[in-house]
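Participant: Throughout the sequence shown, residue numbering follows numbering that gives the first Met the number 0, covering 0 to 589 in sequence. Yeah, the Cβ is synthetic: ideal placement off N, Cα and C, and Gly gets one too. These numbers were taken from a predicted model, which means no experiment stands behind them.
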Amino acid sequence: MNRSPTASAGARGAQLSPEVRARREAGPESAAAAEAAEESTRLSRRLDVHGDPDRSRPFPERIRRDREPDVDTEPGADPEPPPPLTELRIRRPADRGLVGVMPVDPVAVVEASVLRARNAQAVWGALAVEERTARLVALRRVIGRRTDDIADRIIAETGKPEDEALTEVLVVLRLLRHYERTARKVLAPRRIGAGLLPGGSARIFHEPLGVIAVLAPWNYPFTLSMEPVITALFAGNGVVLKPSEHTPFTGAIVAEICEEAGLPEDLVVVVQGGALTGSALVDARPDHVHLVGSPVTGRAVLARAAEHLIPVSVELGGKDPALVLADAELETAARGIAFGAFYNAGQTCISTERVYVEAPVYEEFLRILVRVTSELRAGTGGNVEIGPMVLGAGLETVEAQVADAVDRGARILCGGTRADPASNIFLPTVLADVPEGALVLEEETFGPLLPVVSVQGADEAILLANRHPMGLHASIWTRDLARGRALAHRIRAGGVSVNDTLSQWAIPGLPMGGVGESGWSRARGGEGLLAFSRSRSILVRRGGRRPDPWWFPYGPRGRKLTRALLGWEQHRGLRGLVAVLVRLMSKEIR
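In structure tokens:
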């Protein structure tokens with residue numbers, strides 16, 4: 000495929016898509032206006048989501064200007080609560096064209112939604128796992144039929160490339176298939192040995208928690224909404240989902256899909272709004288809260304849920320390191336790391352955000368990485384790899400980190416600017432010689448910015464990687480697989496890949512989660528099902544037997560037996576058996 004030449008020096012690196020180049024040549028205002036009008040008309044036909052006859056009212060540049068990416072679900076974090084929102088006016092990140100208007104649910108509706116879901120869950124949770132699984136097959140089929148509709152909404156609200164929007168749907172379908180095969184086994188009762196209790200039968204049962212409140216982010220608005228919803232449903236729970244205030248229409252399709260699949264009414268309820276809606280949902284006292292967001296959001300949700308003693312599962316931010324060892328296949332490592340860093344314009348919790356390269360291959364790796372990154376095409380629509388950033392505040396964070404790194408002596412090897420001054424598209428950027436203490440190494444970026452640091456060896460790389468309080472994911476690049484596995488156990492992270500990145504997300508049986516400020520919970524797979532379940536232990540012993548010797552009243556017989564059992568527990572095997580028999584036959588009681 001023919002590709003356009005590299006952009007001018009002011010926008011080094013990634014190639015610009017044809018429409019972005021045309022906008023530069025025609026002037027940002029006229030070209031953007033024409034494109035916005037055409038795209039708005041197209042989306043109006045494909046997405047019947049406007050619902051507001053007055054579409055010409057001005058849209059605020061930003062509903063909130065939080066620097067943290069996921070604070071739209073943050074309850075009670077502002078010193079002075081913002082005025083209640085009555086509607087969400089959603090515009091495309093690339094050109095600010097109107098996508099639609101979504102009404103915000105009042106607090107009373109949010110509170111009632113938990114009760115509605117609780118009533119529906121009482122029936123759903125009583126079904127056997129096999130019956131729930133059979134009902135949820137229809138959900139997978141509906142999602143498959145509506146793939147293009149789902150992708151259209153994702154693209155409209157996030158601007159990500161079509162390939163990435165379709166992948167969101169694919170990941171959800173794979174998780175559904177996985178649970179169809181495994182949920183029965185994971186949630187099946189387990190028999191436990193009754194030990195010292197003759198005639199005893201002990202079992203562990205996994206029961207639904209009740210109603211799960213899901214506070215979903217905007218960066219993967221379908222996947223990170225549907226995955227906890229699916230997991231909760233297989234485990235027998237009801238769900239109240241609050242999508243991000245930046246992607247409400249993708250969130251709304253979750254309820255549509257569940258209804259079309261024939262799931263019980265109100266089993267999955269979607270409520271819309273911003274921070275106050277998230278606060279109201281936690282205050283409505285669901286049985287569990289699931290959050291994907293930033294550490295700031297996580298602390299706020301945890302504090303609010305603690306007031307009601309509600310358990311919370313959290314997957315928070317990441318500052319994921321990549322370690323490139325001297326024996327790595329550098330072309331593969333550079334392409335894999337570029338994919339991990341710039342996929343979804345870097346707006347991925349498990350994206351690669353810092354690279355530590357052993358000194359002997361540092362310069363060669365940089366050369367290959369810059370070449371690979373410069374091949375990436377930035378724009379909207381068509382065959383592009385880098386789309387716009389969703390939030391203006393996130394774009395400002397990237398620009399501030401670039402400026403700080405350059406001030407400290409770092410070099411911009413490619414990228415470093417927006418596609419054009421009026422654009423939310425930031426060109427994929429590689430920074431070299433980034434000194435310790437630079438913001439880009441200390442703070443989550445959540446954008447297409449990749450700092451590369453030279454290290455003397457793997458020990459130094461692991462030391463630097465583990466210094467950060469976040470620990471979500473990491474990758475190691477080496478030809479020595481045994482060494483790669485050994486190093487993986489030394490990195491402080493919830494997951495590690497050797498010679499790969501992001502692909503753990505494609506394996507539905509692997510749990511996702513982190514350590515430290517990245518959270519501690521696990522989602523997806525068998526561990527995800529158990530996280531949304533409550534274990535109940537039931538012991539059954541036959542009636543009509545003689546009282547156990549350790550029951551009241553205490554006496555010599557019970558004491559002799561206890562001492563004999565103490566000897567058995569200390570010395571299992573023949574020696575222990577002899578000790579038990581000697582104790583039981585002994586007349587000496589102390």
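Would the C-beta of I142 count as close to the ligand SAH, meaning under 7 angstroms from any of its heavy atoms?
Facilitator: With respect to the ligand SAH, the structure offers nothing, as it holds no ligand at all.
Participant: Counting C-beta neighbours from all protein chains within 10 Å, is the total for S55 16 or more, i.e. buried, or is it exposed?
Facilitator: Start at 1 with the first residue of the sequence shown, and residue 55 comes out as number 56. Summary for S55: the model assigns pLDDT 30, below 50, so the residue's position carries little reliability, and this model does not support an answer.
Participant: In the DSSP assignment, what residue or residues form a beta bridge with V270?
Facilitator: Sequence index remark: in the sequence shown, residue 270 carries index 271 (1-based). Bridge partners of V270: none, in fact.
Participant: So, L223 versus V313, is the Cβ gap smaller than 8 angstroms?
Facilitator: As a first step, residue 223 must be located in the sequence shown, where it is residue number 224. As a first step, residue 313 must be located in the sequence shown, where it is residue number 314. No. Outside cutoff.
Participant: So, helix, strand or coil for E516, using DSSP?
Facilitator: Taking the first residue of the sequence shown as position 1, residue 516 is located at position 517. Residue state, collapsed to three classes: coil.
Participant: In chain order, what residues of the same chain lie with their CB nearer than 8 angstroms to the CB of Q120, ignoring the 5 residues before and after it?
Facilitator: Locating residue 120 in the sequence shown gives position 121, where the first residue counts as 1. Cβ within range, chain order: P207, G209, V210, G235, N236, G237, L266.
Participant: How would you label S474, buried or exposed, when you count the other beta carbons within 10 angstroms and need 16 or more for buried?
Facilitator: On the sequence shown, residue 474 is found 475 positions in, with the first residue counted as 1. Looking at its Cβ environment, which holds 16 or more other Cβ atoms inside 10 Å, S474 is buried.
Participant: By Cβ distance, which residues of its chain are closer than 6 angstroms to L138, with the 5 residues on each side in sequence left out?
Facilitator: Residue 138 sits at position 139 when you count from the first residue of the sequence shown. Result list for L138: A260, in chain order.
Participant: Compare the C-alpha of L114 against each of V213, P82, D104, R284 and name the closest.
Facilitator: As a working note, residue 114 is residue 115 in the sequence shown. Ranking V213, P82, D104, R284 by CA distance to the CA of L114 puts R284 first.
Participant: Relative to the C-alpha of V455, which residue among V356, G524, L438 is closest?
Facilitator: Here the question's residue 455 lines up with position 456 in the sequence shown. The residue you asked about is not Val; residue 455 is Gln in the sequence shown. Among V356, G524, L438, the Cα nearest to that of Q455 is on V356.
Participant: Less than 8 angstroms between the C-beta atoms of P457 and L368, yes or no?
Facilitator: Taking the first residue of the sequence shown as 1, we reach residue 457 at position 458. Taking the first residue of the sequence shown as 1, we reach residue 368 at position 369. Contrary to the premise, residue 457 reads as Ala rather than Pro in this sequence. No. Outside cutoff.
Participant: Report, in whole angstroms, the separation of the C-beta atoms of L486 and I349, which I expect to be a contact under 8 angstroms.
Facilitator: Position 487 of the sequence shown, counted from the start, is the residue given in the question as residue 486. Position 350 of the sequence shown, counted from the start, is the residue given in the question as residue 349. Contact doesn't hold; Cβ gap of about 18 angstroms is too wide.
Participant: Give the C-beta separation of V168 and I154 to the nearest angstrom, bearing in mind that I take them to be a contact with Cβ-Cβ under 8 angstroms.
Facilitator: Translated into positions along the sequence shown, residue 168 becomes position 169. Translated into positions along the sequence shown, residue 154 becomes position 155. With 8 angstroms as the limit, V168 and I154 do not qualify as a contact, their Cβ atoms being about 12 angstroms apart.
Participant: By DSSP, does K241 sit in helix, in strand, or in coil?
Facilitator: Position 242 of the sequence shown, counted from the first residue, corresponds to residue 241. Strand, per DSSP.
Participant: Determine the extent of the alpha helix (DSSP H) in which P598 is found, giving its start and end residues.
Facilitator: The requested residue 598 is not part of the displayed model; the chain covers only 0 to 589.
Participant: Does DSSP classify F221 as helix, strand or coil?
Facilitator: In the sequence shown, residue 221 corresponds to position 222, counting from 1. F221 falls in the coil class under three-state DSSP.
Participant: Ordered along the chain, which non-local residues of its own chain (more than five positions away) have a Cβ less than 6 angstroms from that of H287?
Facilitator: Counting from one through the sequence shown, the residue named residue 287 turns up at place 288. Only L208, I211, P310 meet the Cβ criterion.
Participant: Comparing C-alpha positions only, which one of S293, P320, G277, L322 sits nearest to A304?
Facilitator: In the sequence shown, counting from the first residue as 1, residue 304 sits at position 305. When each option's Cα is compared against that of A304, the closest is G277.
Participant: Excluding the five sequence neighbours on either side, which residues of its own chain have a C-beta within less than 6 angstroms of the C-beta of Q569, listed in chain order?
Facilitator: Start at 1 with the first residue of the sequence shown, and residue 569 comes out as number 570. Closer than 6 angstroms at Cβ, skipping near neighbours: no residue.
Participant: List the whole-angstrom C-beta distance separating L232 from L365, where the pair is believed to meet the contact cut-off of C-beta under 8 angstroms.
Facilitator: Locating residue 232 in the sequence shown gives position 233, where the first residue counts as 1. Locating residue 365 in the sequence shown gives position 366, where the first residue counts as 1. Going by Cβ atoms, the distance from L232 to L365 rounds to 47 angstroms, so no, they are not a contact pair.
Participant: Nearest to R334 by alpha carbon, out of L449, P434, G378?
Facilitator: Residue numbering aside, residue 334 sits at position 335 when the sequence shown is read from its first letter. Checked all of L449, P434, G378; the closest Cα to R334 is L449.
Participant: With H, G and I counted as helix, E and B as strand and the rest as coil, what does DSSP make of G194?
Facilitator: The residue labelled residue 194 in the question sits at position 195 within the sequence shown. It is coil, neither helix nor strand.
Participant: If I measure Cβ to Cβ from N1 and keep anything under 8 angstroms in the same chain, skipping five residues before and after, which residues do I get?
Facilitator: As a first step, residue 1 is located in the sequence shown; it is residue number 2 there, counting from the start. Its pLDDT being 36, under 50, N1 is placed unreliably by the model, and nothing is read from it.
Participant: Could you pull out every residue in the same chain whose Cβ sits closer than 6 angstroms to the Cβ of R45, ignoring the five residues on either side in sequence?
Facilitator: Taking the first residue of the sequence shown as 1, we reach residue 45 at position 46. Because the pLDDT of R45 is 37, which lies under 50, any placement of that residue in the model is unreliable, and the number read from its coordinates should be weighed accordingly. Its chain contains D151 as the residues whose beta carbon lies nearer than 6 angstroms to that of R45, once the 5 sequence neighbours on both sides are disregarded; these appear in chain order.
Participant: Less than 8 angstroms between the C-beta atoms of V268 and V239, yes or no?
Facilitator: Translated into positions along the sequence shown, residue 268 becomes position 269. Translated into positions along the sequence shown, residue 239 becomes position 240. Yes, they are a contact pair.
Participant: Starting from F425, follow its DSSP beta bridges and name the residues at the other end.
Facilitator: Taking the first residue of the sequence shown as position 1, residue 425 is located at position 426. DSSP output for F425 lists R417 as bridge partner(s).
Participant: Output the distance between the C-alpha atoms of L538 and A201, rounded to the nearest integer angstrom.
Facilitator: Taking the first residue of the sequence shown as 1, we reach residue 538 at position 539. Taking the first residue of the sequence shown as 1, we reach residue 201 at position 202. Rounded to the nearest angstrom, the two C-alpha atoms are 4 angstroms apart.
Participant: Between H177 and G527, is the Cβ-Cβ spacing less than 8 angstroms?
Facilitator: Within the sequence shown, numbered from 1, the residue matching residue 177 stands at position 178. Within the sequence shown, numbered from 1, the residue matching residue 527 stands at position 528. No, they are not a contact pair.
Participant: Please list the terminal residues of the continuous alpha helix (DSSP H) segment that includes A111.
Facilitator: Counting from 1 along the sequence shown, the entry for residue 111 is found at position 112. Here the alpha helix (DSSP H) through A111 covers 106 to 123.
Participant: Compute the distance between the beta-carbons of G524 and G493, then report whether it is under 8 angstroms.
Facilitator: Sequence index remark: in the sequence shown, residue 524 carries index 525 (1-based). Sequence index remark: in the sequence shown, residue 493 carries index 494 (1-based). Not in contact: G524 and G493 (Cβ atoms no closer than 8 angstroms).
Participant: Could you tell me the distance, in whole angstroms, from the CA atom of T249 to the CA atom of G408?
Facilitator: Taking the sequence shown and counting its residues from 1, the one referred to as residue 249 is at position 250. Taking the sequence shown and counting its residues from 1, the one referred to as residue 408 is at position 409. Answer to the nearest angstrom: the Cα atoms are 42 angstroms apart.
Participant: Report all residues from its chain with a CB closer than 7 angstroms to the CB of A337; omit the five preceding and five following residues, and keep chain order.
Facilitator: As a first step, residue 337 is located in the sequence shown; it is residue number 338 there, counting from the start. Excluding sequence neighbours, A337 sits near L368, V371, T372.
Participant: If I measure Cβ to Cβ from G518 and keep anything under 7 angstroms in the same chain, skipping five residues before and after, which residues do I get?
Facilitator: Residue numbering aside, residue 518 sits at position 519 when the sequence shown is read from its first letter. So the list reads G297, V313, E314, L315, G512, once near-sequence residues are dropped.
Participant: For P242, does the count of other Cβ atoms within 10 angstroms reach 16, so buried, or fall short, so exposed?
Facilitator: Reading the sequence shown from its first residue, position 243 is the one you call residue 242. Counting Cβ neighbours within 10 Å, P242 comes out buried, since at least 16 surround it.
Participant: For P294, count neighbouring Cβ atoms within 10 angstroms of its own Cβ and tell me buried if that reaches 16, exposed if not.
Facilitator: The residue labelled residue 294 in the question sits at position 295 within the sequence shown. It counts as buried.
Participant: What is the DSSP secondary structure of I309, reduced to helix, strand or coil?
Facilitator: Working through the sequence shown from its first residue, we reach residue 309 at position 310. Under the three-state reduction of DSSP output, I309 falls in the coil class, being neither helix nor strand.
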